[in-house]
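Visitor:
Protein chains in written order, with my numbering: chain A, 1 to 400; chain B, 401 to 800.
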């Protein structure tokens, strides 16, 4: 079972981490470093936005890889829309870390989050990197998880144990991101570590699949910021027989990675800006996963649904209206809708339901919505949050 | 030139209108009737939502038409998700009007807006229809425009004169709709009248084109509610040579209809729920209108852009991030961005701009955003509004 665990990125064997203060944010640590004691296989998934921040371009060119040593990340400045200088700065961040660690420059990955269009203050960054390398330790995971936070109100970490071919393997991860979840996400950065032995190709395949059902349930393709990145490092120190092809070992690893990713994604939804509750929306009965996801995402993105959730109103009409404009065909007469275990609609028409119980259910911190639109095998789940006064406050009062 | 005019639907020759109280809303008139003194050509465009309200199904089956006599509309109940009984009720509304007017039942069109999933209180509706027919007058346009309002804070009307083949033709229209404009519109209903003589086919063609560049700039295809409808009636009483094919007469009519439709659409954006300003977003330089519209719509739908507008923050990063995830390819290095006449970006990179002037510009009631993404001839304009505390208040406190 997945656990929320402080310091999760250093839970697998052979990882060190640190958080340091470079001075980009007004207060607190803003530079995180995760390093492997030995060369690690690495994979990544990145934003599909046309505007890609410099660190995305650099890291994307370096994975999948077989000998990555570290990932450096800063908050406070996204290094996006910063032109050629931004590229030089991103490269310089990786070479500064590599020099301090005594490893090749291209064995370091980089990620940034924060304001767009401002040059990176490299003096501060470089000083922060020196501090972070000095502070690297097996106890540094929690500090790293705090250093990547921007408007996040709590650090987000998860870890799991999984037996692979009789060998105990660990996976740990941390994530930041608390913009309004869909359709216009503030940057989400996730860093996952494992001591599994696995080939770069298999690791990339597993990460792509995990990201699709977890992080992309928040930040559906095309809905991504300039900086969104998810990294996974696998250093093989668990000693399992290296996973190089499909089979039960890969399945076990995939399933554990899915669990960690999903836990991290849900934590991001819970911490949505101004959120008073997390809303899990599952759509079933379409022809494909993509169709189910498209409907679920349209519901999740609806400001009218989000405000109804904030108001604790079992407003099935808004859910239905959103589903109906998602661009996916289905028979209106086949629709069933549940909030928790309370049925609101059958055969596309409202049923009598206990109003008070529905209202009480919506006052809970986690609300589940289930929409069935037919008999197909397609199903998808997305996570979002409600839309409160504080969301407006946070985003209207944040100034460039 | 188009004018905002009280009573605009009865400005063209031969139209009568009335607003009456059926008692569906807590107060005020909630039943509107527009009638032509002689059979009118009629056209319509309707929601693309899978869930179509009963009045949409009825009216859609009756246009284009050559002998429509009236349109009846109610606010307070959408007659949506109401099953077979809803269909019977919508048909019954048209036959009640027809009976009172002494015209064929299928010469009456119907539209509804309000809560979803509640049976129409037909006793109230029928009494309202009797009152409305009794009150029909050439001075009833303004009353009708008020009777279709739901959360609208002001009635929305526009009219224009246009010379067609030397003959003076009038077009008038009214609209209701003030949900958050895109992506999840509350119902928009528009009623346009003209005394032009024109064939049903040409009228439908003109309306479809006008709706595409005006109302669909608010409620882009697929983003429509269960009830959205736009109607146009043309009774020929201006005496122009009937327009039956392409040519300068059609062009003149099209252009005038475009102006009325665009004025009505902009009034809806200005009255967006909780809006403190209207935002007009133009995208230029794509390969097609559709591409430009897709980018403009993605910017307009971005809660982060909307909240920045509310906060009077010239946050070009949010505009850019939205444009980049619209799913339309363009070269980031070719991008230019203007707020009003202030350039914020050239070649995809920020330029120094006068911060105070940009802030002042954003405090105006109408803000223009222009994004150029290349050298193509595609261009599109959409209208939206900012996202304020009051939007959350209106929609979280509205209960089913």
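Glycine is no exception: its CB is placed at the ideal position from the N, C-alpha and C atoms.
From residue 669 of chain B to residue 329 of chain A, what does the alpha carbon distance come to, in whole angstroms?
Guide: The straight-line gap from Cα to Cα measures roughly 29 Å.
Visitor: Bridge partners of residue 477 of chain B, per DSSP?
Guide: Beta-bridge pairing links residue 477 of chain B to B:513, B:515.
Visitor: Report yes or no: is there a C-beta of chain B within less than 8 Å of the C-beta of residue 388 of chain A?
Guide: Chain B contact via Cβ: present.
Visitor: Is residue 574 of chain B helix, strand or coil by DSSP?
Guide: Reduced to three states, the DSSP call for residue 574 of chain B is strand.
Visitor: For the segment 48-69 of chain A, enumerate the residues whose C-beta is nearer than 9 Å to any C-beta of chain B, in chain order.
Guide: Taking 9 Å as the Cβ-Cβ cut-off against chain B, the residues of the segment 48-69 of chain A that qualify are 48, 49, 50, 51, 52.
Visitor: For residue 250 of chain A versus residue 481 of chain B, is the C-beta distance shorter than 8 Å?
Guide: Cβ distance not < 8 Å, so residue 250 of chain A and residue 481 of chain B don't count as in contact.
Visitor: What is the DSSP secondary structure of residue 63 of chain A, counted as helix, strand or coil?
Guide: Reduced to three states, the DSSP call for residue 63 of chain A is coil.
Visitor: With distance defined between alpha-carbon atoms, name the residue in B:514, B:475, B:736, B:469 nearest to residue 494 of chain B.
Guide: For the residues B:514, B:475, B:736, B:469, the minimum Cα distance to residue 494 of chain B belongs to B:469.
Visitor: Can you find the residues in the same chain that come closer than 7 Å, C-beta to C-beta, to residue 316 of chain A, ignoring five residues on each side of it along the sequence?
Guide: Taken in chain order, the residues that qualify are 337, 344, 345, 350.
Visitor: Could you check if residue 191 of chain A is buried or exposed, using at least 16 other CB atoms within 10 Å of its CB as the buried criterion?
Guide: Under this definition residue 191 of chain A is a buried residue.
Visitor: Could you compute how far the alpha carbon of residue 24 of chain A sits from the alpha carbon of residue 163 of chain A?
Guide: Each residue's Cα considered, the two are about 41 Å apart.
Visitor: Determine the extent of the beta strand (DSSP E) in which residue 15 of chain A is found, giving its start and end residues.
Guide: That run of the beta strand (DSSP E) goes 15-20.
Visitor: Just to make sure I have the definition right: I need the residues of chain B whose C-beta is within less than 9 Å of the C-beta of residue 401 of chain A. Which are they?
Guide: In this structure chain A extends from 1 to 400, so residue 401 of chain A is not present and cannot be described.
Visitor: Using three-state DSSP, classify residue 24 of chain A as helix, strand or coil.
Guide: Residue state, collapsed to three classes: coil.
Visitor: List the residues that DSSP assigns as beta-bridge partners of residue 598 of chain B.
Guide: DSSP output for residue 598 of chain B lists B:643 as bridge partner(s).
Visitor: Which one or two residues does DSSP pair with residue 70 of chain A in a beta bridge?
Guide: BP columns for residue 70 of chain A point to A:35, A:108.
Visitor: Once DSSP output is grouped into helix, strand and coil, what is the label at residue 251 of chain A?
Guide: Helix.
Visitor: Here's the rule: buried if 16 or more other CB atoms are within 10 angstroms of the residue's CB, otherwise exposed. What is residue 183 of chain A?
Guide: Reliability of the predicted coordinates at residue 183 of chain A is poor, the pLDDT of 40 falling under 50, and the value obtained from them is presented with this limitation in mind. Per the 10 Å Cβ criterion, buried.
Visitor: With 16 other CB atoms within 10 Å as the buried threshold, where does residue 176 of chain A fall?
Guide: Residue 176 of chain A comes out buried.
Visitor: Could you compute how far the alpha carbon of residue 300 of chain A sits from the alpha carbon of residue 428 of chain B?
Guide: Approximately 35 Å, taken between the alpha carbons.
Visitor: With a threshold of 16 other CB atoms inside 10 Å of the CB of residue 593 of chain B, please say whether the residue is buried or exposed.
Guide: By the 10 Å Cβ count, residue 593 of chain B comes out buried.
Visitor: With DSSP as the reference, label residue 270 of chain A as helix, strand or coil.
Guide: Here residue 270 of chain A sits in helix by DSSP.
Visitor: Enumerate in chain order the residues of its own chain whose CB-to-CB distance from residue 298 of chain A is below 6 Å, with the five nearest sequence positions on each side excluded.
Guide: Excluding positions up to five away in sequence, the list reads 322, 326.
Visitor: Which term fits residue 372 of chain A, buried or exposed, when burial requires 16 or more other beta carbons within 10 angstroms of its beta carbon?
Guide: Buried, by the Cβ-count rule.
Visitor: Please state whether DSSP places residue 368 of chain A in a helix, a strand or coil.
Guide: Residue state, collapsed to three classes: strand.
Visitor: Give the single residue among A:313, A:363, A:370, A:318 whose Cα lies nearest to the Cα of residue 341 of chain A.
Guide: Of A:313, A:363, A:370, A:318, the residue nearest in Cα terms is A:370.
Visitor: In chain B, what lies closer than 8 Å to residue 392 of chain A by C-beta?
Guide: The contacting residues are 707, 710, 787, 788, 789, 791, 792.
Visitor: Tell me whether residue 161 of chain A sits in a helix, a strand or coil according to DSSP, three-state version.
Guide: Strand, per DSSP.
Visitor: Can you check the segment 319-386 of chain A for any beta strand (DSSP E) of at least 3 residues that lies completely inside it and give the ranges in chain order?
Guide: Those beta strand (DSSP E) runs which fall completely within the segment 319-386 of chain A and span 3+ residues are 336-339, 342-346, 366-372, 378-385.
Visitor: Counting only beta-carbon separations shorter than 8 Å, does residue 396 of chain A have a partner in chain B?
Guide: It does; some Cβ of chain B falls within 8 Å.
Visitor: Starting from residue 491 of chain B and walking both ways along the alpha helix (DSSP H), at which residues does that stretch end?
Guide: That run of the alpha helix (DSSP H) goes 483-501.
Visitor: Give the secondary structure of residue 451 of chain B by DSSP, where H, G and I count as helix, E and B as strand, and everything else as coil.
Guide: Looking at residue 451 of chain B - three-state DSSP - the assignment turns out to be coil, as it is neither helix nor strand.
Visitor: May I ask you to report which of helix, strand or coil DSSP gives residue 10 of chain A?
Guide: Helix, per DSSP.
Visitor: Got a sec: is the Cβ-Cβ distance from residue 436 of chain B to anything in chain A below 8 Å?
Guide: Cβ-Cβ to chain A under 8 Å: no for residue 436 of chain B.
Visitor: Bridge partners for residue 446 of chain B per DSSP, in chain order?
Guide: According to DSSP, residue 446 of chain B bridges with B:629.
Visitor: By Cβ distance below 8 Å, which residues in the same chain neighbour residue 734 of chain B in space, the five residues on each side in sequence not counted?
Guide: Closer than 8 Å at Cβ, skipping near neighbours: 685, 747, 748, 772, 773, 774, 775.
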